[in-house]
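Each protein sequence line maps, in turn, to chains A and B. Quick note on numbering: the first sequence equals residues 1 to 209 in the working numbering. Quick note on numbering: the second sequence equals residues 210 to 418 in the working numbering. Every residue gets a Cβ at the ideal spot worked out from N, C-alpha and C, and that includes glycine. The structure under discussion appears below in the form of structure tokens.
2 protein chains.
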Amino acid sequence: MDEVEDMATNKTSKDLGPNIKSETLKAEILEAASQIFLVGGLEALSVRAIAKKAKISTFGIYSHFQGKKGILDALYVEGFTYVIEALDVQIDGVDPKVAVFSACRNYLGLAKARAAHYRLIFGEAGTRYTPSPEALEVGRIAFETLIDLTSVLIPETASDARKRQNALEIWAIVHGFVCFENHAVTKLIPDVDWTISALAAVERHIKSL
Amino acid sequence: MDEVEDMATNKTSKDLGPNIKSETLKAEILEAASQIFLVGGLEALSVRAIAKKAKISTFGIYSHFQGKKGILDALYVEGFTYVIEALDVQIDGVDPKVAVFSACRNYLGLAKARAAHYRLIFGEAGTRYTPSPEALEVGRIAFETLIDLTSVLIPETASDARKRQNALEIWAIVHGFVCFENHAVTKLIPDVDWTISALAAVERHIKSL
DNA sequence: CGCTTGTTATAACGCCGTTATAGACCTAAT
DNA sequence: ATTAGGTCTATAACGGCGTTATAACAAGCG
Chain A
1 MDEVEDMATN
11 KTSKDLGPNI
21 KSETLKAEIL
31 EAASQIFLVG
41 GLEALSVRAI
51 AKKAKISTFG
61 IYSHFQGKKG
71 ILDALYVEGF
81 TYVIEALDVQ
91 IDGVDPKVAV
101 FSACRNYLGL
111 AKARAAHYRL
121 IFGEAGTRYT
131 PSPEALEVGR
141 IAFETLIDLT
151 SVLIPETASD
161 ARKRQNALEI
171 WAIVHGFVCF
181 ENHAVTKLIP
191 DVDWTISALA
201 AVERHIKSL
Chain B
210 MDEVEDMATN
220 KTSKDLGPNI
230 KSETLKAEIL
240 EAASQIFLVG
250 GLEALSVRAI
260 AKKAKISTFG
270 IYSHFQGKKG
280 ILDALYVEGF
290 TYVIEALDVQ
300 IDGVDPKVAV
310 FSACRNYLGL
320 AKARAAHYRL
330 IFGEAGTRYT
340 PSPEALEVGR
350 IAFETLIDLT
360 SVLIPETASD
370 ARKRQNALEI
380 WAIVHGFVCF
390 ENHAVTKLIP
400 DVDWTISALA
410 AVERHIKSL
């Protein structure tokens, strides 16, 4: 009896082992990719560089992530996850304007601290990369989160289209200023505090509501 | 006397010939690049593709444009030149709001008709491409043109910083909506007329002035 | 004609993402 | 213990990229 149970336990343990190892390795690969991306951006993110940092061969990128696109999808999800986190501010019992301002500040901070992620989710890779449906879903959730947040600024009776337009307007303003801060032409404008400028534009918008 | 003049003329003619031929070839190379770019964007714009379309070897890209960067600089200049043209609307004797609206419509149209140029001037190539000082100058001129145009909306006594902020706000709005129209997530929103949405946002901004 | 200089086609270089091949390892059956 | 089959993965190769080196060609001069 003891021998039979012993063999069964060993077999169960061995079945779980590879799965855990595979998930751990996948996480290590993604961590390596994130670190390279954070410092060197898309240009530094080659499968050879990731494989080297994760101490595997390039083949591992394909078996665990189905290739570079899988890596980009994971980073895209990371990028929009950061956006969702930035928008996660206290709404209840807080002045709506203060809440939205706080979120915008978070967003501007994220765009700076995670510049590569930000550029990725805004299409730096161009037509060479199309996000997966799963990645797009996280983006959609982020947008819904933005709509919910910014809706506190307008009457609850407003239509869905109105709420969406309001969210898009605020997003356009903030995103626009993020772009100017990094744009080859506008970043050369002297004596501009881009955060202050962006928040001033948001304030103007809020006052117009 | 006639023979001396004849030889001098021949020598002058021969000196001019190569220069004209070089400029013509440079223009043909750039035309080939523009056509490839217009249809296939940055991804299709390889030196081999340009060389093939211009019926030269890749070496010609280097001797005439000092490499791919020179091509990108020329396209960057083209991109901002289109922007300047879009902003070139009648101001005198026209309602300021109508003038700005007209320019915004032009801008939105340009962003659609010249999508690859637009993406290039807004950084699609990322850190792999840095515009030359000459290219940046055209961008600066475009921005100055935008400031001049949008200043008709505010009092002449406004400070330069105020005029600049106003221009940035309108630019952020319009650019933001251009981005959403093409963004993998937001472009999936059903039943959105992006031009109408963008112009509505601009109108809200103008009313807030 | 031979030599020198300038121009340019073409192959090679090192990089890229990806795939094919070979090798290593494990398991089951005999 | 040996063999066969399956799975995983390192590594080389493939075809593309931007760029440079090499060889070939053309023009000019003595």
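7 Å Cβ cutoff, residue i in contact with chain B
{"i": "Phe177/A", "result": "yes"}
{"i": "Ile173/A", "result": "yes"}
{"i": "Leu153/A", "result": "no"}
{"i": "Arg105/A", "result": "no"}
{"i": "Leu42/A", "result": "yes"}
{"i": "Thr81/A", "result": "no"}
Closer than 7 Å at the beta carbon, the chain A residues around residue i
{"i": "Lys262/B", "result": "What Lys262/B touches in chain A: nothing, since even the nearest Cβ is about 19 Å away."}
Listed by chain order, chain B residues near residue i by CB distance under 8 Å
{"i": "Gln165/A", "result": "Ser406, Ala409 and Ala410"}
{"i": "Arg204/A", "result": "Glu378, His414 and Ser417"}
7 Å Cβ cut-off: residues of chain B touching residue i
{"i": "Pro269/A", "result": "Nothing can be reported for residue 269/A: it is not among the residues displayed for chain A, which extend from 1 to 209."}
{"i": "Arg140/A", "result": "Val394"}
Contact with chain A by residue i, beta-carbon distance below 7 Å
{"i": "Arg345/B", "result": "The sequence given here has Leu at residue 345/B, not Arg. At least one chain A Cβ lies under 7 Å of Leu345/B."}
{"i": "Ser222/B", "result": "Because Ser222/B sits at a pLDDT of 33, beneath the cut-off of 50, its placement in the model cannot be relied upon, and the following sentence gives the value as read from the coordinates. Ser222/B does not count as touching chain A."}
9 Å Cβ cut-off: residues of chain A touching residue i
{"i": "Phe352/B", "result": "Val185, Thr186 and Ile189"}
The ligand FMN heavy atom lying under 6 Å from the CB of residue i
{"i": "Arg337/B", "result": "With respect to the ligand FMN, the structure offers nothing, as it holds no ligand at all."}
ask   = Between the segment 389-406 of chain B and chain A, which residues of the former have a C-beta closer than 9 Å to a C-beta of the latter?
value = Phe389, Asn391, His392, Ala393, Val394, Thr395, Leu397, Ile398, Asp400, Val401 and Ser406
Sequence ranges, alpha helix (DSSP H) only - wholly within the segment 128-201 of chain A, length at least 4 = 133-150 and 160-182
query = Relative to chain B, which residues along the segment 110-129 of chain A have a C-beta separation below 7 Å, given in chain order?
reply = Arg119, Phe122, Gly123, Glu124, Gly126, Thr127 and Arg128
key: Runs of beta strand (DSSP E) wholly within the segment 61-96 of chain A (minimum 3 residues, chain order)   = none
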